[in-house]
Amino acid sequence: MTTPALRVLSLIPPMTQLNTPYPSTAYITGFLRSRGVDAVQADLALALVLKLFSPAGLESVRSHALAQAEADRTASVHAFLDQFARYRATIGLVIAFLQGRDSTLAHRIAARELLPEGPRFAALEVYVDAALSEEGGDPLAWAFGALGVQDKARHIATLYLNDLADVLRDAVDDRFAFVRYAESLASSQPTFEPMAAALAAPFTLVDEILHTLTLATLSQHKPDLVLLSVPFPGALYAALRMAQTIKAQNPHITIALGGGFVNTELRELAEPRVFDLVDFVTLDSGERPLLALMEYLQRKRSKQRLVRTFVREEATVRYINFVEPDVPFEEVGTPTWDGLPLDRYLSLLDMLNPMHRLWSDGRWNKLTVAHGCYWKKCSFCDVSLDYISRYETASAATLADRIETIVNETGQTGFHFVDEAAPPKALKALAEELIRRQLNISWWGNIRFEKTFTPELCQLLADSGCIAMSGGLEVASDRLLTLMKKGVTVEQVARVTKGFSDAGILVHAYLMYGFPTQTVQDTVDALEYVRQLFENGCIQSGFFHRFSCTVHSPVGLDPAAYGIELIPLPPVTFAKNDIGFIDPSGVDHEALGIGLRKAIYNYMHGIGLDEDARAWFSHLPGKVPKPTVGRNRIAKALTQPA
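Mapping to numbering that gives the first Met the number 0: the sequence shown position 286 is 285, numbers consecutive.
Laid out in structure tokens, this is it:
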């Protein structure tokens, strides 16, 4: 008797990102096809947004807004209702423009006469610095000049969409947000109760549209097995709503849940109600668990031989892990975007900084240079988990072959290497292979700012098409960098980033505050270092995020070594990741964060680089300590040999 083949459908749930497909389905679809499996994919995150942001979608939003009591309407909702006719008349034009299908519209958008403007446009006023406004006129002129019409229009159109997203949140679904949709229902939620209540509630407008899209996708592809990839907490609610629809429509369709959020937060899953919606939950790299699951569904192996998979047996959740080697990184195949509407993604420009825009602007082919992290020591990182701890590489020839295949398929030559930290040796070999093949691409990625990246290597990477690099500086303090086990110093980071910048490569620094034992003095000194890195052209972009202790990190596993005490978690049957802690220093990191975020925002726009670092903390009570870092410390470091 012949075993019937399985048709596998991989779905991207809302919300992920709008400018390019989240790569998980492209990875798994490419892998399955390399094994002869009938595999297809769809992006319901993009489909949902395109339905909502349409004339018919806005009509529905307006109906909900009008049903609100006037006293409950926010400024965003009032602006939307007051200018509804203009919103309805322009939404199709804006979407087409952001998709690159109507570039000539840029002139009218840039003139700021065509589109209605809501509260989000107040953000433009932050660009009017006193020195700049002396020149008079348009507050965007300093950023875009006379010729940057396309970018200026894209920024205005992005503000327009953000206004509409605020209306959706305020009048339709208070959980709605681009990327972080209903995030609080999933992120580190010890019980399933909030999610269960939300899933039992009547459909919102967003739910109704997602329900219709899910049914249409099922009708189109007729899958036997549906894979729901959940990379972030803000994609779980929609994924489970989709599963709810699938099970109601056809309970015989098998559903498996996986992805980055699952791999991180559901490792101790014990909630049986999850399995009312999905049949299997898999952990870590999906290739081997998926092959085992498919063989089980085809009756080629027993349930006891599933790999890294949660199942429900009667009323109990059981984890089954028949140990088999993972599929080598060299053999995972080439990602494919076949079936995804690559001409329908939206290139947004939410920040004027040339480096920062890369995350939301342009349709990038996503690719991984190496699986895991070759360093895997940073104390704040989930180094015990597979996506960090299992380090594997592929040859430069294999990577270049994948790149050529992807370019031929998509017709696009932009690549974002999405490694945790791309290894210098592999990048060097890949750059040489790209140059040897005369394969002209543009690429960017994430690295550790280690001294292996010499000016000569930076130039080689630039010659191969590298346009930008991001990396973790975290807290710019040598004491704290040592405690974090970053393996770098501030002065070393300065020299490495300057090497990239001198080669014409943009640099973004991930920054952190609130790390255990970090004092106010440490924070002020760190900001002074960051100011000097911007001032000396070492970095062009940065982002401060608050340190979060996770249960899988060295800090979470050994808090005493970092001088903190963990706050005991309640009993966990669902999501487990972030864990609260008591830092005896008593520093008000939240208050410091306000100044840090304001400073970095201004630095990225070239403003305030002459200011004393203490000026950004003027909202704090009491005296802020003077930086102990000399104002020319980075400039001097750049003159020293590596």
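All C-beta atoms in this analysis are idealised placements derived from N, C-alpha and C, irrespective of residue type, glycine included.
For residue j and residue i, believed in contact at Cβ under 8 Å, the rounded distance
| i | j | result |
| --- | --- | --- |
| residue 226 | residue 43 | Not quite, the Cβ-Cβ distance comes to about 13 Å (not below 8 Å), so this is no contact. |
| residue 183 | residue 577 | Not quite, the Cβ-Cβ distance comes to about 12 Å (not below 8 Å), so this is no contact. |
| residue 325 | residue 378 | Contact flag wrong, Cβ pair sits at about 26 Å. |
| residue 393 | residue 329 | 5 Å |
| residue 375 | residue 387 | 5 Å |
| residue 590 | residue 619 | 6 Å |
| residue 175 | residue 164 | 7 Å |
Separation of residue j from residue i, as counted between CA atoms
| i | j | result |
| --- | --- | --- |
| residue 75 | residue 416 | 37 Å |
| residue 454 | residue 501 | 8 Å |
| residue 535 | residue 14 | 38 Å |
| residue 104 | residue 91 | 12 Å |
| residue 594 | residue 509 | 16 Å |
| residue 130 | residue 632 | Here the model assigns residue 130 a pLDDT of 33, short of 50, so the residue's position is not dependable, and the following value carries that caveat. One C-alpha to the other measures close to 27 Å. |
| residue 296 | residue 196 | 31 Å |
| residue 314 | residue 545 | 39 Å |
| residue 127 | residue 601 | Because residue 127 carries a pLDDT of 42, less than 50, the predicted location of this residue cannot be relied on, and the following value inherits that uncertainty. C-alpha separation (whole angstroms): 11 Å. |
| residue 265 | residue 327 | 24 Å |
| residue 499 | residue 65 | 53 Å |
| residue 396 | residue 11 | 30 Å |
| residue 530 | residue 607 | 9 Å |
| residue 477 | residue 31 | 46 Å |
| residue 609 | residue 533 | 11 Å |
| residue 481 | residue 70 | 54 Å |
| residue 439 | residue 359 | 22 Å |
| residue 7 | residue 36 | 8 Å |
| residue 18 | residue 584 | 42 Å |
| residue 437 | residue 400 | 13 Å |
| residue 115 | residue 194 | 36 Å |
| residue 133 | residue 151 | At residue 133 the pLDDT is 38, less than 50, meaning the model places this residue with poor confidence; the figure from the coordinates comes in the next sentence. Cα to Cα, residue 133 sits roughly 21 Å from residue 151. |
| residue 135 | residue 603 | Legend: pLDDT at residue 135 = 46, less than 50; position of this residue unreliable, value from coordinates given subsequently. Rounded to the nearest angstrom, the two C-alpha atoms are 22 Å apart. |
| residue 4 | residue 223 | 9 Å |
| residue 149 | residue 106 | 8 Å |
| residue 639 | residue 614 | 30 Å |
Nearest to residue i (by Cα), restricted to the options the options
| i | options | result |
| --- | --- | --- |
| residue 642 | 256, 354, 385 and 356 | Lying before the first or after the last residue shown, residue 642 is absent from the chain, which here runs from 0 to 641. |
| residue 627 | 200, 269 and 527 | 527 |
| residue 84 | 113, 397, 344 and 94 | 113 |
| residue 513 | 506, 507 and 525 | 525 |
| residue 412 | 362, 231 and 210 | 362 |
| residue 630 | 611, 639 and 616 | 611 |
| residue 93 | 81, 62, 68 and 49 | 49 |
| residue 200 | 189, 303 and 236 | 236 |
| residue 159 | 272, 178, 87 and 321 | 87 |
| residue 234 | 207, 258, 312 and 59 | 258 |
| residue 342 | 98, 82 and 590 | 98 |
| residue 452 | 468, 331 and 516 | 468 |
C-beta atoms of residue i and residue j nearer than 8 Å
| i | j | result |
| --- | --- | --- |
| residue 434 | residue 462 | yes |
| residue 334 | residue 29 | yes |
| residue 357 | residue 153 | no |
| residue 383 | residue 551 | yes |
| residue 100 | residue 162 | no |
| residue 465 | residue 506 | no |
| residue 230 | residue 23 | yes |
| residue 282 | residue 316 | no |
| residue 371 | residue 419 | yes |
| residue 623 | residue 523 | yes |
| residue 263 | residue 288 | no |
| residue 539 | residue 354 | yes |
| residue 373 | residue 340 | no |
| residue 571 | residue 189 | yes |
| residue 554 | residue 515 | yes |
Residue i beta carbon near the ligand FAD (any heavy atom closer than 7 Å)
| i | result |
| --- | --- |
| residue 578 | Summarising the ligand content, the structure contains no ligands, and the ligand FAD is consequently not present. |
(message) Contact between the segment 161 to 175 and the segment 360 to 374 is defined here as three or more beta-carbon pairs at a separation below 8 Å; is this criterion met?
(response) These segments do not touch.
(message) Below 8 Å, how does it come out for the segment 271 to 280 and the segment 243 to 259: are there three or more Cβ pairs, yes or no?
(response) Here the segment 271 to 280 makes contact with the segment 243 to 259; the two share three or more CB pairs at distances below 8 Å.
(request) Take every Cβ of the segment 214 to 230, pair it with every Cβ of the segment 33 to 47, and state whether three or more of those distances are shorter than 8 Å. (result) Yes, the segment 214 to 230 is in contact with the segment 33 to 47.
(request) Count the CB pairs spanning the segment 436 to 453 and the segment 485 to 498 that are closer than 8 Å, and state whether there are at least three. (result) Of all C-beta pairs linking the segment 436 to 453 to the segment 485 to 498, three or more are shorter than 8 Å, placing the two stretches in contact.
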